[in-house]
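So the protein lines, in turn, are chains A and B. With numbering that gives the first Met the number 0 applied, the first sequence corresponds to residues 0 to 114, in that order. With numbering that gives the first Met the number 0 applied, the second sequence corresponds to residues 0 to 204, in that order. Glycine is no exception: its CB is placed at the ideal position from the N, C-alpha and C atoms.
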Amino acid sequence: MLLLALSLRCLLLSNEEKIKELIKFLNNRALNNSVRLAILISLYTFNQMTFSELLEYSRIPKSSLMMHIQILEDEGLVNSKKDFTVNGIRMFIRITDKGKEIIKEYFKLVSNINY
Amino acid sequence: MEYRELIRDSEKFARIIIMKKARRTLGIYYATWVIYSLVLALIYTLLSNIGINNSLVNGIIPFIAVIPFIYYTIGLFRGIRIDYLKLVKNKENDKIYKRINYIWVLLISQLIISFAIVTYLNIDLIYLVLSFYVYMLLVAYSLYRFLYSKYRLAEPRYYDMIAIIVLLLTPLNIVTSLFNAIFIVFDIVWLYASISSFLEVSAIE
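Here's what the structure looks like:
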């Protein structure tokens with residue numbers, strides 16, 4: 000009985016530690032916002048998207064999206080590049096290697112906790 | 000913002016973006032292969048007008064014309080990662096995934112019926128049809144995985160299933176001119192699936 004209580008306490012403590020670790024991980028300019036985190040996850044899934052696509056799919060104001068992309072770019076998680084497409088010049092937002100590593104780490108931390 | 004709220008909100012938002020992007024990718028995919036079918040029809044019409052009726056030329060054209068389309072299709076789906084879907088879907092009770100077995104029964108029944116028709120009509124061509132079937136099954140399977148697997152990127156719709164079924168019927172075209180209409184049906188169904196996919200992108204909330 001005592002052993003069971005102890006292991007339960009250990010489990011709870013370790014879960015608490017994991018949550019603390021996750022909170023610490025999310026506590027930065029790029030990841031403390033759900034829109035930026037979602038954009039980063041989407042970019043991780045598809046590797047790159049155009050600004051127009053993100054604007055259309057997210058339905059957030061252009062200026063807000065521009066700000067979110069700028070913050071992610073400042074943190075080195077994405078980079079943007081203008082390129083020619085059949086629809087004209089488009090701005091491509093691509094996730095960087097650092098961005099990919101951050102998202103992988105995020106997935107690892109989130110998969111360990113219940114939310 | 001509380002961390003749970005942050006995770007849930009970002010998950011919800013990322014899912015919408017991923018679903019829309021995946022659906023648009025599918026729309027482009029359907030449209031690409033409709034264009035291929037139309038390009039083939041155009042080439043054959045031109046050749047027939049010029050008066051070229053060489054079986055070797057006629058046989059080789061689809062294989063040459065298909066190269067840029069395959070290249071484009073690979074580019075469409077290359078590099079898509081499903082790590083996020085694995086994370087999210089493992090925490091869910093997936094009803095569509097559980098229906099997979101019934102859909103496979105339907106596809107295999109269709110395959111058997113198609114072969115029965117082929118055998119009845121012309122037994123000499125069975126191996127040619129078989130090779131086409133293997134190819135079509137691979138294409139249908141990849142489409143099916145994209146839409147019906149546990150870690151699917153887009154939610155399946157009725158027009159996706161019709162598109163897969165029509166795709167599996169197209170090898171019958173080799174057997175007899177009676178089935179030439181299959182290509183017209185293929186074009187209509189895939190064009191419909193393409194337009195519906197594009198319309199769905201703007202409808203997802």
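Would B:V33 be called buried (16 or more neighbouring beta carbons within 10 Å of its own) or exposed?
Locating residue 33 of chain B in the second sequence gives position 34, counting from the first residue. The residue is buried, with at least 16 neighbouring Cβ atoms inside 10 Å.
At which residues does the alpha helix (DSSP H) containing A:R35 begin and terminate?
Residue numbering aside, residue 35 of chain A sits at position 36 when the first sequence is read from its first letter. A:R35 -> alpha helix (DSSP H) spans 33-45.
Measure from the alpha carbon of B:L37 to the alpha carbon of each residue in B:G50, B:L190, B:S196, B:Y157, then state which is nearest.
Within the second sequence, numbered from 1, the residue matching residue 37 of chain B stands at position 38. Out of B:G50, B:L190, B:S196, B:Y157, B:L190 has the C-alpha closest to the C-alpha of B:L37.
Extent of the continuous alpha helix (DSSP H) run through B:L36
Taking the second sequence and counting its residues from 1, the one referred to as residue 36 of chain B is at position 37. First, the residue type needs correcting, since residue 36 of chain B is Ser and not Leu in the sequence shown. Segment 2-49, the alpha helix (DSSP H) holding B:S36.
Pairwise C-alpha distance: A:L39 and A:M90
Counting from 1 along the first sequence, the entry for residue 90 of chain A is found at position 91. Counting from 1 along the first sequence, the entry for residue 39 of chain A is found at position 40. Going from the Cα of A:M90 to the Cα of A:L39 covers about 16 Å.
According to DSSP, simplified to helix, strand and coil, what is A:N78?
Residue mapping note: residue 78 of chain A aligns to position 79 of the first sequence, counting from 1. Here A:N78 sits in strand by DSSP.
Go to A:G98, then tell me how far its alpha helix (DSSP H) extends in each direction, as first and last residue.
Taking the first residue of the first sequence as 1, we reach residue 98 of chain A at position 99. Segment 96-110, the alpha helix (DSSP H) holding A:G98.
Using a beta-carbon distance below 9 Å, is A:I22 in contact with chain B?
One-based indexing of the first sequence puts residue 22 of chain A at position 23. For A:I22, the answer is yes, since a Cβ of chain B falls inside 9 Å of its Cβ.
Alpha carbon to alpha carbon, how far is B:Y28 from B:F68?
Against the second sequence, residue 28 of chain B aligns to sequence position 29. Against the second sequence, residue 68 of chain B aligns to sequence position 69. Near 10 Å, if we compare the C-alpha coordinates of B:F68 and B:Y28.
Contact list for B:L5 against chain A, beta-carbon separation under 9 Å
Indexing the second sequence from 1 puts residue 5 of chain B at position 6. The answer, in chain order, is L25, L30, N31, N32, S33, L36.
Is it right to say A:G98 is buried, meaning 16 or more other beta carbons lie within 10 angstroms of its own, or is it exposed?
Locating residue 98 of chain A in the first sequence gives position 99, where the first residue counts as 1. So A:G98 ends up on the buried side.
Neighbour-count burial assignment, B:E4, 16 or more Cβ in a 10 Å radius
Residue mapping note: residue 4 of chain B aligns to position 5 of the second sequence, counting from 1. That one is exposed.
Alpha carbon to alpha carbon, what distance is there between B:D159 and B:R23?
By 1-based counting over the second sequence, the position of residue 23 of chain B is 24. By 1-based counting over the second sequence, the position of residue 159 of chain B is 160. Cα to Cα, the separation comes out at about 13 Å.
Pull out every residue of the region 2-35 of chain B whose Cβ sits closer than 9 Å to any Cβ of chain A, in chain order.
Y2, R3, E4, L5, I6, R7, D8, S9, E10, K11, F12, A13, R14, I15, I16, I17, M18, K19, K20, A21, R23, T24
Taking Cβ-Cβ distances shorter than 9 Å, what residues in chain B pair up with A:T44?
One-based indexing of the first sequence puts residue 44 of chain A at position 45. The answer, in chain order, is A13, I16, I17, K20, A21, I79, R80, I81, D82, Y83, L84, L152.
Would A:N46 be called buried (16 or more neighbouring beta carbons within 10 Å of its own) or exposed?
Stepping through the first sequence from its first residue, residue 46 of chain A is reached at position 47. So A:N46 counts as exposed.
What residues match up with A:M90 in a beta bridge as DSSP calls it?
The residue labelled residue 90 of chain A in the question sits at position 91 within the first sequence. DSSP output for A:M90 lists A:K81 as bridge partner(s).
Should the region 7-17 of chain B be called in touch with the region 77-89 of chain A, which here means at least 3 C-beta pairs below 8 Å?
no
Is it true that the CB of B:A13 sits closer than 9 Å to the CB of A:S41?
As a first step, residue 41 of chain A is located in the first sequence; it is residue number 42 there, counting from the start. As a first step, residue 13 of chain B is located in the second sequence; it is residue number 14 there, counting from the start. Yes; because the gap between Cβ atoms is below 9 Å, this pair is in contact.
Closer than 7 Å by beta-carbon distance: list the chain B residues that pair up with A:E52, in chain order.
Stepping through the first sequence from its first residue, residue 52 of chain A is reached at position 53. Those within 7 Å of A:E52 in chain B are K20.
Rounding to the nearest angstrom, what Cα-Cα distance links B:F197 and A:S13 in this structure?
Within the second sequence, the letter at position 198 stands for residue 197 of chain B. Within the first sequence, the letter at position 14 stands for residue 13 of chain A. Using only the alpha carbons, I get a separation of about 46 Å.
Residues bridged to A:T49 (per DSSP)
By 1-based counting over the first sequence, the position of residue 49 of chain A is 50. Its beta-bridge partners are A:F91.
Please report whether the beta-carbon of B:V38 lies at a distance below 9 Å from any beta-carbon of chain A.
By one-based count along the second sequence, residue 38 of chain B stands at place 39. Not an interface residue.
Does any C-beta atom of chain B lie closer than 9 Å to the C-beta of A:F106?
As a first step, residue 106 of chain A must be located in the first sequence, where it is residue number 107. So yes, A:F106 belongs to the interface.
On the criterion of 16 or more Cβ atoms from any shown chain inside 10 Å, does B:I112 qualify as buried, or is it exposed?
The sequence position of residue 112 of chain B within the second sequence is 113, counting from 1. Exposed is the call here.
To the nearest angstrom, report how far apart A:R28 and A:I70 are at their CA atoms.
Reading the first sequence from its first residue, position 29 is the one you call residue 28 of chain A. Reading the first sequence from its first residue, position 71 is the one you call residue 70 of chain A. Straight-line Cα distance between these residues: approximately 8 Å.
Same chain, Cβ closer than 6 Å to B:V161, five either side skipped, listed in chain order
Here residue 161 of chain B refers to the residue found at position 162 when the second sequence is read from its first residue. Position check: residue 161 of chain B holds Ile in this sequence, whereas Val was assumed. Same-chain partners within the cutoff: V188.
Which residue from B:I194, B:A192, B:L168, B:I59 puts its Cα closest to that of B:F182?
To locate residue 182 of chain B, count along the second sequence from 1; it is residue 183. Of B:I194, B:A192, B:L168, B:I59, the residue nearest in Cα terms is B:L168.
Roughly how many angstroms lie between the CA atoms of B:L152 and B:A64, to the nearest whole one?
The residue labelled residue 152 of chain B in the question sits at position 153 within the second sequence. The residue labelled residue 64 of chain B in the question sits at position 65 within the second sequence. Each residue's Cα considered, the two are about 29 Å apart.
Tell me whether the beta-carbon of A:S63 lies closer than 9 Å to the beta-carbon of A:V109.
Position 64 of the first sequence, counted from the first residue, corresponds to residue 63 of chain A. Position 110 of the first sequence, counted from the first residue, corresponds to residue 109 of chain A. Cβ atoms of A:S63 and A:V109: not closer than 9 Å.
I'd like to confirm something about B:A153: is its beta-carbon nearer than 8 Å to some heavy atom of the ligand GDP, or not?
Among the ligands in the structure shown, none appear at all, so the ligand GDP cannot be discussed.
Report yes or no: is there a C-beta of chain A within less than 9 Å of the C-beta of B:V200?
Looking up residue 200 of chain B in the second sequence gives position 201. Yes, B:V200 lies at the interface with chain A (some Cβ there is under 9 Å from its Cβ).
Taking A:S57 as the query, report the chain B residues whose CB atoms sit under 8 Å from its CB, ordered along the chain.
Locating residue 57 of chain A in the first sequence gives position 58, where the first residue counts as 1. Per Cβ cutoff of 8 Å: F12, I15, I16.
Three-state secondary structure assigned by DSSP to B:S148:
By one-based count along the second sequence, residue 148 of chain B stands at place 149. DSSP places B:S148 in coil when its eight states are reduced to three.
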